[in-house]
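**Q**
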Amino acid sequence: MSAQHHPHGTVPNPVIPGLHPDPSVCRVGEDYYLACSSFEYFPGIPVFHSRDLVHWTQIGNVLDRPELHLPLEVPSSAGIYAPTLRHHDGRFHLVVTNVGAGGNVLFTATDPAGPWSDPLPLPDVPGIDPDLAWDEDGTCWITVAGVSQQPVDLATGRSLGPSRPLWSGTVDAQAPEAPHLYRIGEWWYLLIAEGGTERGHSVAIARGRTPSGPFEPCPHNPVLTHRGTHRPIQNTGHADLVQAPDGSWCLVLLGVRPGGGTPGWHVLGRETFLAPVTWEDGWPVVGGLTPELPAPAWPLHPVPEAPVRDDFDGAGLHPRWLSVRRRPAELVTTGERPGWLTLHAAGASLDAPDAVFVGRRQQHPFCEVRALVDATAGRGGLAVRLDERHHYEVEAADGEVRVFARIGPLRPEVASVRVPAGPVVLGIDVAPHPPEDSRTAPDLVVLGVEQPDGAFTPLASLDGRYLSTEVAGGFTGRVIGAYAAAGTVHVDWFDYRPRKES
Ligand code: 6LW
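So, in structure tokens, the structure goes:
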């Protein structure tokens, strides 16, 4: 996703919009690489490349092999939490927690686009949010949420010493997590998140003379929080420090963009934002974290905008396409009907953990999705998914198009219409709710069908709050895609078009 220049010399923030939480970044010469959590979605752990920390291109996924998929019993929003990505001794190292399916593991690669190694289990490393840092004698220290630390042999995955508690944040703050350790100048800095990943989220830092402390906290902690403010970016935390191309410093971090009336609902998940950092008396000072960042002083390297249309004419799918607990390649194919994506239902609906669903993250507050769907041999269509209990779908089958809304325990059929036999263009518009509408929704999800003359016929306009993280719970955000609930469904093309209001 490229962040295009804005006429008055700013760049949009988030720099990686949509469900891209817990960003971890590393610099290798003039190149930057970043990885994010992916939970139940596969391929897992998306990897991005940038030359300027502003414009990012997804170059692959760490978890992209059939044998690495998640067991069906792993709940949504469990699975792959919070990686740390580092480059050391000529190799990329990534540690991550597979919650509910094995705990902490290490992957390595020479090329961050892949292939990545098999996972090396780290059985002695407890908890979540593992961080990697090496001291001068080459010892690797893994620090985890809580905050505790132990030396680990990365050849065997076994610990080389006991786990020891470190500085664990400011007094009484909940959930000290997302630790990252850095050697900068004469100090070792320990950066953490605290306050929980909701509206109380914050970033705090301490420093010491050794990688294990003792650490003195920064006198102006938290160095970043938006709690208690009206700022449009909320839940700011889970940060990673990185040196910019001009030698200055930045934070990448997660944040959300709530919409609607109180308490506010975020629907895109936790997104990756960028914030400038300066240093005063050996402590970081985080600059303005705003939706329009002043264009950085260093050269920018814009990247091509993602195409609106996926036409499935090629052999595989772009790395942005996701399925649940399994890779899309295990569920769909572009080779059965040339130029079409073919989905064979496995009898599971979107309510099931093994739904045949392939989608892409919603990355804009408002967007339009259209797809040409041939369900003459089955039943399926387009869906906006939060999890198995929160999704809206427009479904074609047997010359009929129907809209369903799954909200917690409820799954009413909301609308239906007869359509001519054969392929049909289904559509989902995520639109601002009209100001005169007192529903204070963050958005309206409008599901419908295109008539043969191209006119879009809305069948249902549903309140978007029920597909928000505040309602569904968990750690993800919306994914919009195609599914098959019965038989075989073919998709000729899939259009995702941002709406300018965003
Ligand atoms: C992650 C923790 C957090 O492990 O949420 O925002 C958890 N912070 O650090 C899942 O993303």
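This note's numbering puts the sequence shown at residues 72 to 573. Glycine is no exception: its CB is placed at the ideal position from the N, C-alpha and C atoms. Remember, it's a predicted structure, so these values are computed and weren't measured experimentally.
1) I believe G308 touches L322 by the beta-carbon criterion, under 8 Å. Please report the beta-carbon distance rounded to the nearest angstrom.
2) Does DSSP put P503 in a helix, a strand or coil?
3) Do Y554 and A454 come within 7 Å of each other at the CB atom, strictly closer than that value?
4) Is D182 near the ligand 6LW, judged by its Cβ being under 6 Å from some heavy atom?
5) At a cut-off of 6 Å, would you count A249 as near the ligand 6LW, judging by its Cβ distance to the nearest heavy atom?
6) Which residues in the same chain have their Cβ closer than 7 Å to the Cβ of G89, if we skip the five residues on either side of it in sequence?
7) Answer yes or no: do V501 and V485 have a C-beta to C-beta separation smaller than 7 Å?
8) Between H309 and the ligand 6LW, is the CB less than 6 Å from at least one heavy atom?
9) Considering only residues of the same chain and omitting the five flanking positions on each side of S539, which have a CB-CB separation below 7 Å?
10) DSSP has C321 in a bridge; who is on the other side?
11) Tell me whether the beta-carbon of I304 lies closer than 7 Å to the beta-carbon of L360.
12) Please identify the residue among W369, E376 and H561 whose C-alpha is closest to the C-alpha of G80.
13) Which residue's Cα is closest to the Cα of R396: S108, E101, G115 and P355?
14) How about S121 and D311: are their beta carbons less than 7 Å apart?
15) G535 by DSSP, collapsed to three states: which one?
16) Taking DSSP's pairing of strands, which residues face V99 in a bridge?
17) Spell out the partners DSSP gives V395 in its beta bridges.
18) Enumerate, from N- to C-terminal direction, the unbroken beta strand (DSSP E) stretches of 3 or more residues contained entirely within the region 124–170.
19) For G326, which residues does DSSP report across the bridge?
20) Could you tell me which residues DSSP puts in a beta bridge with S219?
21) Express the C-alpha separation of P117 and S109 in angstroms, rounding to a whole number.
22) Would you call the CB atoms of Y112 and L412 closer than 7 Å?
23) How big is the Cα-Cα spacing for V166 and P201?
24) Confirm, please, whether the CB-CB distance from V496 to R441 is below 7 Å.
25) Comparing alpha-carbon positions, which option in R235, G256, V196 and E207 lies nearest R229?
26) In the DSSP output, which residue or residues are listed as bridge partners for W187?
27) Using a threshold of 7 Å, state whether the C-beta atoms of V218 and P247 are closer than that.
28) Measure the alpha-carbon distance for D469 versus L443 and round it to whole angstroms.
29) Only counting the same chain, and skipping five residues up and downstream in sequence, which positions put a Cβ closer than 6 Å to that of G332?
30) Here's a check: name, in chain order, each residue in its chain whose Cβ is nearer than 7 Å to the Cβ of G545, leaving out the five neighbours to either side.
31) What does DSSP give as the partner residues of A244 in its beta bridges?
32) Please tell me whether, using a cut-off of 6 Å, the distance from the CB of I263 to the nearest non-hydrogen atom of the ligand 6LW is below it.
33) State the CB to CB distance for the pair A476 and Y463, rounded to an integer number of angstroms; the pair is presumed to be in contact (CB under 8 Å).
34) Does the Cβ of Q75 have 16 or more other Cβ atoms within 10 Å, making it buried, or fewer, making it exposed?
35) Should S219 be listed as close to the ligand 6LW, given that the test is whether its C-beta is under 6 Å from any heavy atom?
**A** Based on what the coordinates show:
1) Wrong, their Cβ atoms sit about 10 Å apart, outside the cutoff.
2) coil
3) yes
4) no
5) yes
6) L339, G340, E342, R432, Q433, Q434 and G548
7) no
8) yes
9) W336, H337, V338 and P513
10) V313 and P347
11) yes
12) W369
13) G115
14) no
15) helix
16) D102
17) Y112
18) 128–134, 150–159 and 162–170
19) E342
20) V215 and P236
21) 7 Å
22) no
23) 6 Å
24) yes
25) V196
26) According to DSSP, W187 bridges with nothing at all.
27) yes
28) 15 Å
29) T511
30) S147, S148 and D458
31) For A244, which the question treats as bridged, DSSP gives no partner whatsoever.
32) no
33) 5 Å
34) At Q75 the pLDDT is 48, less than 50, meaning the model places this residue with poor confidence; the figure from the coordinates comes in the next sentence. That one is exposed.
35) no
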